[in-house]
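Residue numbers for the sequence shown, in mature numbering (1 follows the signal peptide of the UniProt record, and there is no 0): -25 to -1, 1 to 284. Just below is one structure, and these are the notes that go with it.
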Amino acid sequence: MTTQRSRFLLASMALAVALTTGACAAGDSMTSSEDSGGVAEPAADAPAAATDGGGDDAGQTDDRAMDRSGLAGEGVEPRTPAVIATGTVSLEADDVGDARFDVQKIVDRAGGSVVEQETTTDDDGELDTARIVLRVPSERFAETLDALERVGSLQSSTTGTDDVTTEVIDVDARIRAQEKSVRRIEALLARATTLREIIAIEADLSQRQADLDSLKSRQQWLEDQTARSTITVHLERTDDEEEEETADGFLGGLRAGWDRFVDGGAAALTVIGFVLPWAIALAVILVPALLWLRASRRRRTPLTTAGPQ
C-alpha cells in the first residue's frame, strides 16, 4: 500500500509540473504576440504622423531639394543663342520731315514699329531735329540698319549686342522648378487639417507664387528683347551756313551777292516801314501849320508895301 501510494503521489506531481510548464509556455506565447502587435501598430501609423504633423517642414525641405535638382538637370538642354541687339544712327538731311517719312517706310517694310518719337522746330515752324526709337524683328536688324544709314548724310552709326543665353536658360529652369514647388504646396494645403497648418502653408504659398510671377515677368522681358531689336535714329537738318561756306567760284559769288542784295533791300524796307508811320503823323501836323504860315505872310505883305506911299 505504501508503495502504491508513493507512486500515485509521484504521478500527480509529474502531471502538475507538466500542466504548469504548458501554462507558462502559453502565457509567454501570448505575451510575445501582444508585444509584437503593439510595436507594429505605431510603425504603421508613423508615415501618417509624419504627413500630418511635420508635413510643412518636410515639404519645404523636399522643395529645396527639387529646386536644386531642377536647376541642375533641366538647365543644361542645348538651345539657340539669345542675343539682345541695339543700334544708333545719326543722320543729317535737307528736309527732316521727308527723312522721317522715309524712316517710317523702312520700319513698315521690316515689320517693325515706332515706339517713341521726339521732334523740335525752328522759329519758322520747320522741323529742325527728330529722335525716333524703333523696334524691328531681330532677324532683320542688320538689313534695317543698313537701309536707315542711306536715308540722309550719315554722321555716325553704332551697334551693340548682349548675349543673355545663360540667363534665359537659368530663368526657364527656375520657373519650372518653382511651378512644381507651388503645386506641392497646394497639395499640402488641401491636406491641412488645423488652422495653424493652413495659415503657415498659405503664407509659404503666397511667397512662392510671388517669386514665380517675378520670374515669369523676367522671362517675358527677355523674350521681347531677344525677339525684337531696338534702333534709335537721330535726324538733324543740314546747316545752311555750312552750305554757303562750301560754295565757291562765279556761282558762289553770284549767290552770295544776291543774298546780300536781298538782305540789304529787306533792311531798307524794314527802316522805311518803321519810319513811315512817324512821317505820316508829322505830315498831318506840319502840313496844315505850313499852309497857315504861308497864308499869314500873304495877308501881311500888302499892308507893309502900302505904308510908304
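For glycine and all other residues, C-beta sits at the position ideal for the given N, C-alpha and C. Note that the coordinates shown come from a computational prediction; the quantities given were computed from them, not determined experimentally.
The alpha helix (DSSP H) enclosing R158, as first and last residue numbers
Residues T140 to R166.
Note down the Cα distance separating D147 from Q194, rounded to an integer number of angstroms.
Looking at the two C-alpha atoms, the distance is approximately 7 Å.
When you compare the CB positions of S204 and T61, do they come within less than 8 Å of one another, or not?
Yes, these two residues count as a Cβ contact at 8 Å.
Pick from S132, Q79, W196 and S271 that is closest to L66, judged by C-alpha positions
Relative to the Cα of L66, the nearest Cα in the group S132, Q79, W196 and S271 belongs to S132.
With DSSP run on the structure shown, which of helix, strand or coil describes A57?
Coil, per DSSP.
Which one of V262, T63 and P56 has the shortest CA to CA distance from H209?
When C-alpha distances from H209 are compared across V262, T63 and P56, the shortest belongs to T63.
Through-space distance from A117 to L163, alpha-carbon basis
L163 and A117: Cα-Cα distance of roughly 52 Å.
Keeping to the same chain, check which residues put their C-beta closer than 7 Å to that of G228; ignore five residues upstream and five downstream.
There are no such residues.
Taking the DSSP output, what are the residues bridged to G135?
DSSP lists T61 as partners of G135.
Tell me whether M270 is buried or exposed, calling it buried when 16 or more other Cβ atoms sit within 10 Å of its Cβ.
It should be pointed out that residue 270 corresponds to Ala in this sequence rather than to Met. The residue is exposed, with fewer than 16 neighbouring Cβ atoms inside 10 Å.
Cβ-based burial, W267 [other Cβ within 10 Å; buried from 16]:
Exposed, by the Cβ-count rule.
Suppose you measure from the CA of P112 to the CA of G87; what does that come to, to the nearest Å?
Taking the straight line joining both Cα atoms gives about 6 Å.
Kindly list the residues whose CB is nearer than 6 Å to the CB of T95, restricted to its own chain and excluding five residues on each side of it in sequence; keep chain order.
For T95, where only same-chain residues beyond five positions count, the Cβ hits under 6 Å are D103 and T104.
Do L187 and E154 come within 8 Å of each other at the CB atom, strictly closer than that value?
Yes, these two residues count as a Cβ contact at 8 Å.
Determine, using beta carbons only, whether V139 and L197 come nearer to each other than 8 Å.
Going by beta carbons, V139 and L197 fall inside the 8 Å limit.
Run of the beta strand (DSSP E) containing R212, from where it starts to where it stops
Per DSSP, R212 belongs to the beta strand (DSSP E) from R203 to R212.
Count the other CB atoms, across all protein chains shown, that sit within 10 Å of the CB of D98; report buried if there are 16 or more and exposed otherwise.
Counting Cβ neighbours within 10 Å, D98 comes out exposed, since fewer than 16 surround it.
Can you tell me whether G240 is buried or exposed? The criterion is at least 16 other CB atoms within 10 Å of its CB, across all chains shown.
Of the other Cβ atoms in all chains shown, fewer than 16 fall within 10 Å of the Cβ of G240; this residue is therefore exposed.
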